[in-house]
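Structure first, then comments.
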Amino acid sequence: MSLILYGSDMETIAGIKYTKDSKSKKRYVRVDLDMYGENPLLEDFLDLIEIEASKKEAGKYVELEKFMREEYKRRSLKYEAV
3 MSLILYGSDM
13 ETIAGIKYTK
23 DSKSKKRYVR
33 VDLDMYGENP
43 LLEDFLDLIE
53 IEASKKEAGK
63 YVELEKFMRE
73 EYKRRSLKYE
83 AV
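Structural data, given as structure tokens:
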């Protein structure tokens, strides 16, 4: 099922609330999960958000082996891989 709404119709969808910023621009959407939580399109959308977030986080992690080598080197110790 696909539902596309334009203009003022977007203001009156049951279970959907829009929050505006200080400039009255729509900024946030609140979705009633009791009404729409099982919707496959919403589930796909949320999955995509999680994927994008994990891509951004990926750069913050280091493989354990690399971390151990660098940490031992920083402490002037000899590291022997297990």
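For the sequence shown, this note's numbering assigns the number 3 to the initial residue and increments by one for each residue that follows. Each residue gets a CB set at the ideal place from its N, CA and C atoms; glycine is no exception.
Do you know offhand how far E65's Cα is from S78's?
So the alpha carbons of these two residues sit roughly 20 Å apart.
Tell me, please, which residues DSSP counts as bridged to V33.
Checking the DSSP bridge columns, you'll see V33 partnered with I18.
Cβ-Cβ separation, Y20 to K28 (assumed contact under 8 Å), whole Å
Right, their Cβ atoms sit about 5 Å apart.
Run through DSSP, which three-state label would K28 get?
In the structure shown, K28 falls within a strand segment according to DSSP collapsed to helix, strand and coil.
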